[in-house]
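Some notes on the structure that comes next.
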Amino acid sequence: MYLIAVIGNSLLLIIIKSEPSLHEPMYIFLGMLGVTDIALLTSVVPKMLGIFWFHIPEIYFDSCLLQMWLIHTFQGIESGILLAMALDRYVAVCYPLRHAAIFTPHLISQIASVVTLRAALLVAPCLVLIKFRLQFYHKTVISHSYCEHMAIVKLAAGNIQVNKIYGLFVAFNIAVFDLSFITLSYIQIFITVFRLPQKEARLKAFNTCIAHICVFLQFYFLAFFSFFAHRFGSHIPTFIHILISSIYLLVPPFLNPFIYGAKMKQIRIQMVKMFHS
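Counting in our numbering, the sequence shown runs from 266 upward without gaps.
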């Protein structure tokens with residue numbers, strides 16, 4: 266799955282980079298999503314393989330914290346990119362004549378910088394709060410195949426209320442904020458689409474958005490299940506926690522290239538050209 270995901274996302278990046286007609290905001294954001302997916306998988310899969318293939322479950326505490334920061338940072342970046350893609354589709358559908366003037370290369374580079382910095386800076390204090398607040402641990406085995414914030418925090422023997430509150434703060438500022446604006450964007454898109462007089466125009470606009478909707482639904486559904494299961498799912502068996510959390514990290518990067526390849530005509534055409542050349 267890891268190799269297929271890396272190959273699929275790499276092909277997507279090659280197609281977008283090599284085809285000038287795809288140098289548009291929608292495809293640039295798609296390329297950013299591909300890079301983030303590869304980085305997220307690479308921060309998780311090597312250690313997973315060490316656990317499942319070579320039976321090496323141990324990890325240094327500082328390495329575990331680094332993996333935690335990388336995972337949650339890339340998750341935050343992915344959420345921000347999905348928001349940017351939704352806003353891009355909103356402007357393209359609702360204000361098509363102004364789209365090129367609004368989504369300039371300068372704005373796209375600014376969005377990429379803000380999305381990356383927001384995730385990295387919001388997640389960084391989690392490291393400090395764990396490293397310097399929680400000195401004693403009543404167990405050293407996390408209920409995951411990778412290092413996740415709440416899984417590490419729950420190991421501590423001290424008061425973890427501050428860590429929990431800050432974790433909720435980060436989740437609200439990234440996931441809830443992004444999801445709210447994504448939802449509002451697509452509501453406005455659907456209102457505009459259903460007002461179009463021609464059926465062909467409605468179908469074209471809807472098909473442009475359907476791949477984004479599939480990706481964002483799978484990402485946030487799995488994210489919220491994993492998030493709430495950690496905090497309120499004490500009755501859920503441990504293996505379910507591990508399974509859902511692993512699916513949350515591994516499946517979206519694996520499926521994204523197939524979803525975009527199947528639903529976006531321009532990507533599909535370029536893939537056919539690549540394999541036939």
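Beta carbons: idealized from backbone N, C-alpha and C, even for Gly. Computed from a predicted structure; not experimentally measured.
Worksheet entry | Contacting residues, own chain, Cβ-Cβ under 8 Å from A416 (five flanking each side not counted) | I407, S408, H409, H495
Discussion item. Check for me: the alpha helix (DSSP H) holding I281 runs from which residue to which?
Written reply: 267 to 283
Practice prompt. Can you say whether Q340 is buried or exposed, counting buried as having 16 or more other CB atoms within 10 angstroms of its CB?
Written response: Residue environment analysis places Q340 among the buried positions, since at least 16 neighbouring C-beta atoms fall within 10 angstroms of its C-beta.
Discussion item. Please state the DSSP three-state secondary structure of A389.
Written reply: helix
Worksheet item: By DSSP, does A377 sit in helix, in strand, or in coil?
Response: helix
Worksheet item: Mind checking whether L276 and M529 have CB atoms under 9 Å apart?
Response: no
Practice prompt. May I have the straight-line CA-CA distance separating Y292 from I281, to the nearest angstrom?
Written response: 7 Å
Practice prompt. Decide if P502 is buried, meaning its Cβ has at least 16 other Cβ atoms within 10 Å, or exposed.
Written response: exposed
Worksheet item: Just how far apart, CA to CA, sit D443 and G423?
Response: Their Cα atoms are separated by approximately 33 Å.
Worksheet entry | Residue from L508, F397, I303 whose Cα sits closest to the Cα of I342 | I303
Practice prompt. Assuming Y411 contacts Q332 (C-beta within less than 8 Å), just tell me the rounded distance between them.
Written response: Taking the Cβ atoms as the reference, Y411 lies roughly 6 Å from Q332, within the contact range of under 8 Å.
Worksheet item: When the Cα atoms are used, what is the spatial distance from V309 to P390?
Response: 21 Å
Practice prompt. Keeping to the same chain, check which residues put their C-beta closer than 7 Å to that of I367; ignore five residues upstream and five downstream.
Written response: V356
Worksheet item: Are the stretch 379 to 388 and the stretch 437 to 452 touching, with three or more C-beta to C-beta distances below 8 Å?
Response: yes
Fill in: Nearest to C359 (by Cα), restricted to the options T473, Q375, W334
Of T473, Q375, W334, the residue nearest in Cα terms is T473.
Worksheet item: On the three-state DSSP scale, how would you describe A422?
Response: coil
Fill in: V380 and G432 closer than 9 Å at C-beta
no
Worksheet item: Quick one: is S374 buried, meaning 16 or more other Cβ sit within 10 Å of its Cβ, or exposed?
Response: Here S374 is exposed, its C-beta having fewer than 16 other C-beta atoms within 10 Å.
Fill in: Rounded distance between the beta-carbons of L305 and I272, thought under 8 Å
Not quite, the Cβ-Cβ distance comes to about 16 Å (not below 8 Å), so this is no contact.
Worksheet entry | Contact under 9 Å by Cβ, L392 with W334 | yes
Discussion item. Am I right that H477 and R354 are in contact with their C-beta atoms under 8 Å? What's the rounded C-beta distance?
Written reply: 6 Å
Fill in: Buried versus exposed, by CB contacts within 10 Å (16 or more), F434
exposed
Practice prompt. For S450, count neighbouring C-beta atoms within 10 Å of its own C-beta (all shown protein chains included) and say buried if the count is 16 or more, exposed if not.
Written response: buried
Practice prompt. Give the C-beta separation of L372 and F446 to the nearest angstrom, bearing in mind that I take them to be a contact with Cβ-Cβ under 8 Å.
Written response: That belief does not hold up - the Cβ atoms of L372 and F446 are roughly 16 Å apart, past 8 Å.
Practice prompt. Taking I293 as part of the alpha helix (DSSP H), name the residues at either end of that continuous run.
Written response: Run containing I293: 290 to 317, per the alpha helix (DSSP H) assignment.
Worksheet entry | DSSP three-state assignment for Y325, whether helix, strand or coil | Here Y325 carries a coil assignment [DSSP, helix/strand/coil].
Practice prompt. Please classify Y431: does DSSP put it in a helix, a strand, or coil?
Written response: helix
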